[in-house]
Amino acid sequence: MGYCEILCQLCGVTFAIARLRRGDEPEEAGWDYTGSGYIDADGFPCGEEFCGEGSGCTISDQEGDRAGEHLAGLNCVSENGYTGHRISVAEMKGCRAIQCLVKKDTDWVPEDDDQDFEIEGDYFLTGIGDGSPDEAPLEDIEPVRHGVSDILISNDSVDDEWGLPFHPTCFEIYKKVCEIRIGRIDTEGLWYWRDLGCDYQTFFMDFPREPAVRSSSDQWWRHQPGCEYLVANPIDVPGLSEMLEPPVYSADKKNTFGWNEGSDDSLTQDHRTPPSTSRTAQDPFSVLSAEITSMILDRLGSKDIANLRLATPVFRQLPTILFRRLFLEDMPWLFEAQDLDVAKVDWYDWYCRWKSCGEDLKGLRNRRRIWRDVEEIVRRIQDLRDLGQIGKL
1 MGYCEILCQL CGVTFAIARL RRGDEPEEAG WDYTGSGYID ADGFPCGEEF
51 CGEGSGCTIS DQEGDRAGEH LAGLNCVSEN GYTGHRISVA EMKGCRAIQC
101 LVKKDTDWVP EDDDQDFEIE GDYFLTGIGD GSPDEAPLED IEPVRHGVSD
151 ILISNDSVDD EWGLPFHPTC FEIYKKVCEI RIGRIDTEGL WYWRDLGCDY
201 QTFFMDFPRE PAVRSSSDQW WRHQPGCEYL VANPIDVPGL SEMLEPPVYS
251 ADKKNTFGWN EGSDDSLTQD HRTPPSTSRT AQDPFSVLSA EITSMILDRL
301 GSKDIANLRL ATPVFRQLPT ILFRRLFLED MPWLFEAQDL DVAKVDWYDW
351 YCRWKSCGED LKGLRNRRRI WRDVEEIVRR IQDLRDLGQI GKL
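According to UniProt numbering, the sequence shown is numbered sequentially starting from 1.
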């Protein structure tokens, strides 16, 4: 059997990520799929011969017989690694990190750093390892938790001694989705989903991953230009803290949003409400009290509200606080917004800002992708429970 990469059980991306450094970056900024050394020209198509004239790629000189290192140019198109011109080392932090969920032995004893779900459930977390071990055990796991310094891992069911692998950052997202959807961290469901719903067909072929994941996943991961966001850290996102400074609400600003205001948001651009017409008096919504119209808004999503505003002038003026709910519903992966001071934020401006620029940060784009994958996993786990194949929570 040939080389076979292990993927993150949650996001579907390999751990064996490589990077082609720029010529002006330090040597440690480049590594091959094993996480060490560099991507050379011996047996790999690279440099101008592969990337084409004008790519800017060069081959460095090396001592001895080893081929030189492929240094990425601005227009490098090699699929052997993501290039330093397209994604920084800081953005890729943790892309090779592996953590595993492991089933407890009968003699398992709690440790001081255990989380509640580890103490209360039948599964615990290992420390963190590096890279994709193919069919060999994952070794050099640090810290050693519950005596596990190495472990065999698999994406499908083997036996209870094999760890279930994921990026630590992806598991953090899984925890948050579980807490929102079911009120607890469901490690049992995740374990049995691998056992019951992760054969080759269902995990590698049928799961609705983003097209970029599908086209990149091969026997050797294809580091396709333009798909760098797939390996961007979704939790520690460079530049996110600056963007999390929300527009401040001031007393002299209106606390409602009118039909002809704004330009970026779908509620104001794609679904602009026309001015009043003579048919306004015949509008059945016009007889509703403010309390009832507020109750209607509370039960609708952003698209339905936009369509409602096309149908009736009664909903032309929207309270800006409404956009807090729409923000949390439309962008649940931006969980930092939960902690913002409700009274001090201009929620309409905040909503429009993120609708228009949410894709600018690779890590946040990746977080959204992983969040959606995890929501699908949680849904599939619930389906297995409904079928009686997994015990009730």
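Quick reminder that beta carbons are idealized off the backbone N, C-alpha and C, glycines included. Given the structure is predicted, the values throughout are model-derived calculations rather than measurements.
Q: Return the residue from the list A232, S149, P284 and G23 that minimises the CA-CA distance to L364.
A: Of the candidates A232, S149, P284 and G23, the one whose C-alpha sits nearest the C-alpha of L364 is A232.
Q: Alpha carbon to alpha carbon, how far is H223 from C95? Give it in angstroms, no decimals.
A: Whole-angstrom Cα-Cα distance: 13 Å.
Q. To the nearest whole angstrom, what separates the beta carbons of G131 and T34, a pair I think is in contact under 8 Å?
A. A Cβ-Cβ distance of about 6 Å is found for the pair G131 and T34, placing them in contact under the 8 Å criterion.
Q: Would you grab the beta carbon distance between I6 and P110 for me? Rounded to a whole angstrom, and I think it's under 8 Å.
A: Actually they do not touch by this definition, with Cβ atoms about 29 Å apart.
Q) Alpha carbon to alpha carbon, how far is L308 from D346? A) C-alpha separation (whole angstroms): 23 Å.
**Q.** Reduced DSSP secondary structure (H/G/I, E/B, other) of E242
**A.** E242: helix per DSSP, three-state reduction.
Q.
Using 8 Å as the cut-off, can you tell me whether the stretch 80-96 makes contact with the stretch 176-183, which would need three or more C-beta pairs spanning the two stretches below that distance?
A. Contact between the stretch 80-96 and the stretch 176-183 is absent: fewer than 3 CB-CB pairs across the two stretches fall below 8 Å.
Q. Whole-angstrom Cβ separation of R194 and Q389, contact assumed at under 8 Å?
A. Contact flag wrong, Cβ pair sits at about 13 Å.
Q) How many angstroms separate the CA atom of I153 from the CA atom of W108? A) Straight-line Cα distance between these residues: approximately 20 Å.
Q) Quick one: what does DSSP say P143 is sitting in, helix, strand or coil? A) For P143, the secondary structure class from DSSP, reduced to helix, strand or coil, is coil.
Q: May I have the straight-line CA-CA distance separating C11 from E118, to the nearest angstrom?
A: So the two alpha carbons sit approximately 22 Å from each other.
Q | Nearest neighbour of K103, chosen from E242, E25, D159 and P26 [CA to CA] | A | Out of E242, E25, D159 and P26, D159 has the C-alpha closest to the C-alpha of K103.
Q: Would you list the one or two residues that DSSP bridges to Y351?
A: Y351 pairs with nothing; no bridge assigned.
Q) Taking just the CA atoms, how far does S216 sit from Y229? A) Taking the straight line from one Cα to the other gives about 12 Å.
Q: Look at the alpha carbon of T106 and the alpha carbon of D339, and state the distance between them as a whole number of angstroms.
A: Rounded to the nearest whole angstrom, the C-alpha separation of T106 and D339 is 40 Å.
(Q) Between which two residues does the alpha helix (DSSP H) holding I98 run? (A) Run containing I98: none in the alpha helix (DSSP H); it sits in the beta strand (DSSP E), A97 to K103.
Q: Work out the CA separation of P26 and E142 for me, nearest whole Å.
A: Whole-angstrom Cα-Cα distance: 26 Å.
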